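Down below is the structure, laid out as structure tokens.
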Amino acid sequence: MDDLIELTRILNTDINNIETVLDVDAVLWMLAFDNVMVNLDSYLGQFKQNYYLYKDDNGRFRPVVWDLNMSFGTFGQTGSGGSLNSTTQKSQLTHLLHENDAAWPLMSKLMAVPRYKKMYLAHFKTILTENILNSDYLTSANAYQNIIDLAVQADNNKFYSYAQFNSNINSDVNAQMNTASGLTNLMSARSTYLLAQSDFTAIQPSITAVAPSIATPIIGNTITVTAQVTNTNTTAVYLGYREGDFVPFTKILMYDDGAHNDGGCW
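Here's what the structure looks like:
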């Protein structure tokens, strides 16, 4: 418990040291995932629930998402304003939900750090591009639907009809107290909405020609890593490296001054 209290103290009063006690990158991925998928029965929603924090062997807390059955907008309570009841309302959920709300410190405190906000937006766009815009989510949904089809037909205690089960991939279903948005209805409209926001119409940085000075280094070698970075509105670029799959990254500043084996200023 003392460790968790210390995490909250650092998050609220010593944000510059937050990475010593929290896997910030993993938290940003979680926040982006929950928002893209309109998964509000989560930390982002009214009850700030359905995630674990566990302390790993490196002394940092990491998030674990669980209980996703009400994602894709089935649960519509954001905790600020009224509930999102229609598919249109859900599709237009702001990508910066609770950015300035102190009641959601994992969001508000991290978004107040410009570098973390840029990382969040980058993760957000990656999830959107690699899972939604390419219809990968739909391919997975159809595959899972086929796997459970016979079991659903045979289930005499299911909450929805078999016809609703079949139609809900593409069409909204009204049953009990919730409207289950059709997956394609929701995510097609959500993609259109998100891609129109200025955070996602901006030209993103381009990172090319990444190369180590030694292709296959051995212990004891000194290595210089170079890259060409363009279309960026920052004066700093960082390289992250680590000595194992599960240890934290060490981040070091990259130089563009001609004095650090960088080939001269660009």
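Quick note on my numbering: the sequence shown kicks off at -14 and runs consecutively.
We put the beta carbon where it would ideally sit given N, CA and C, even for glycine.
From a predicted model like this one, the values you see are computed outputs, not experimental measurements.
Could you check which residue in the options has the C-alpha nearest to that of residue i?
i, options, result
"Ala107", "Asp(-13), Ala11 and Asp241", "Ala11"
"Lys102", "Asn216, Ser198 and Trp14", "Trp14"
"Leu53", "Ala212, Arg45 and Gln34", "Gln34"
"Pro260", "Ser156, Gln213 and Thr79", "Lying outside -14 to 251, the shown extent of the chain, residue 260 is not represented and no answer is given."
"Ala136", "Asp86, Thr124, Leu123 and Asn151", "Asn151"
"Thr(-2)", "Val222, Lys94 and Asp241", "Lys94"
"Leu113", "Gly243, Val21 and Thr220", "Val21"
"Thr215", "Thr186, Gln138, Leu16 and Ala194", "Ala194"
"Lys236", "Asp184, Ala221 and Asn206", "Ala221"
"Asp19", "Ile203, Gly61, Asp86 and Ile192", "Gly61"
"Ile204", "Glu228, Ala181, Thr186 and Asp140", "Glu228"
"Arg100", "Gln149, Val9, Asp26 and Asp140", "Val9"
"Lys110", "Met(-14), Gln31 and Thr186", "Thr186"
"Trp51", "Lys40, Gln149 and Asp26", "Asp26"
In this structure, does DSSP put residue i in helix, strand or coil?
i, result
"Asn70", "coil"
"Ile0", "helix"
"Asn159", "strand"
"Leu181", "First, the amino acid is wrong: residue 181 is Ala here, not Leu. It is coil, neither helix nor strand."
"Phe32", "coil"
"Ile132", "helix"
"Arg45", "coil"
"Ala148", "helix"
"Ala165", "strand"
"Ala196", "strand"
"Leu78", "coil"
"Ile237", "strand"
"Thr63", "coil"
"Ser191", "strand"
"Lys94", "helix"
"Val12", "helix"
"Lys274", "No information on residue 274 is available, as it lies outside the stretch -14 to 251 that the chain covers here."
"Leu38", "strand"
"Val21", "helix"
Determine, for residue i, whether the minimum Cβ-Cβ distance to residues of chain C falls below 9 Å.
i, result
"Thr219", "Absent here is chain C; the protein component of the structure consists of one chain."
Does the separation of the CB atoms of residue i and residue j fall below 9 Å?
i, j, result
"Ile199", "Ile208", "yes"
"Ser76", "Thr177", "yes"
"Asn38", "Leu(-8)", "It is Leu, not Asn, that sits at residue 38 in the sequence shown. Yes, they are a contact pair."
"Leu168", "Tyr122", "yes"
"Thr72", "Asp157", "yes"
"Gln138", "Tyr147", "yes"
"His83", "Ser56", "no"
"Tyr105", "Ala17", "yes"
"Tyr253", "Val23", "As displayed, the chain neither begins before -14 nor continues past 251, which places residue 253 out of reach and without an answer."
"Thr164", "Thr59", "yes"
"Phe231", "Asp(-12)", "no"
"Leu81", "Asp184", "yes"
"Asn170", "Asn159", "no"
Assuming the contact rule is C-beta atoms closer than 8 Å, residue i and residue j should be a hit. Round their C-beta distance to whole Å, please.
i, j, result
"Thr211", "Ala196", "6 Å"
"Phe46", "Leu91", "Not quite, the Cβ-Cβ distance comes to about 11 Å (not below 8 Å), so this is no contact."
"Phe234", "Gly225", "4 Å"
"Ile(-5)", "Val98", "Contact flag wrong, Cβ pair sits at about 13 Å."
According to DSSP, what are the bridge partners of residue i?
i, result
"Val210", "Pro197"
"Val222", "Beta-bridge pairing links Val222 to no other residue."
"Thr215", "Ser191"
"Val6", "Paired residues: none, contrary to the question."
Let me check you understand the geometry: is the CB of residue i closer than 8 Å to at least one non-hydrogen atom of the ligand FMN?
i, result
"Thr124", "In the structure shown, the ligand FMN is absent, as is every other ligand, since no ligand is present at all."
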